[in-house]
Amino acid sequence: MKTLSILMFCIVLSTAFEIPARYKKPAKMLHDICLGETGASEDRLRQCLDGTVADDPEVKCYIHCLFDKIDVVDEDTGRIFLDQLLYLVPDDVKEAVEHLTRECSHIVTPDKCDTAYETVKCYFKAHDEVIKFCHLLVLD
């Protein structure tokens with residue numbers, strides 16, 4: 011599951027909007043798990059397609075869940091560490107991961123869900139390609 015999640019993250023930062031068919035099932039599975047764990051509204055999650063991350067407790071915890079499932083969350087602080095993916099991602103994605111890490115890995119709040127939310131907002135500001143992450147939510 012972790013390897014497939016990392017591959018999906020790479021797709022997010024790649025140049026193609028279309029998710030290859032072989033990744034749709036694991037992406038949907040991860041989405042469904044986090045949806046079930048958090049009760050987030052799919053309509054609210056899909057707002058990110060226009061660049062808006064809903065300021066909603068369930069959406070925030072959904073984002074945390076996704077990061078937690080791909081094992082990039084510090085268990086104690088909730089801080090997101092994408093840099094640990096650097097050795098696993100293709101070369102064309104490394105620069106983007108390094109950029110996101112430089113710009114956004116400092117974010118820590120008292121609440122892990124808020125930390126994930128604020129980190130994603132930072133990603134949206136720091137790197138235009140991050141909006142492709144939202145296409146993982148549109149798997150119909």
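Numbering of the sequence shown is given in our numbering, commencing with residue 11 and proceeding in unit increments. Glycine included, C-beta positions come from ideal geometry on N, C-alpha and C. Computed from a predicted structure; not experimentally measured.
- Distance check between residue 49 and each of 69, 90, 58, 80 places 69 closest, using alpha-carbon atoms only.
- A Cβ-Cβ distance of about 21 Å is found for the pair residue 91 and residue 102, leaving them out of contact under the 8 Å criterion.
- Beta-carbon to beta-carbon, residue 96 and residue 82 are separated by about 11 Å, too far to satisfy the 8 Å threshold.
- With a 10 Å radius around the Cβ and a threshold of 16 neighbouring Cβ atoms, residue 59 comes out exposed.
- A residue is called buried once 16 or more other Cβ atoms fall within 10 Å of its Cβ, and residue 65, having fewer, is exposed.
- Its Cα nearest to that of residue 116, the residue 130 stands out among 104, 105, 130.
- Between residue 110 and residue 137, the C-beta spacing is below 8 Å.
- For residue 73, the enclosing alpha helix (DSSP H) begins and ends at 67–79.
- DSSP places residue 133 in the uninterrupted alpha helix (DSSP H) bounded by 122–136.
- A Cβ-Cβ separation of about 10 Å leaves residue 45 out of contact with residue 76 under the 8 Å criterion.
- When the alpha-carbon of residue 36 is set against those of 56, 119, 132, 79, the nearest one is in 79.
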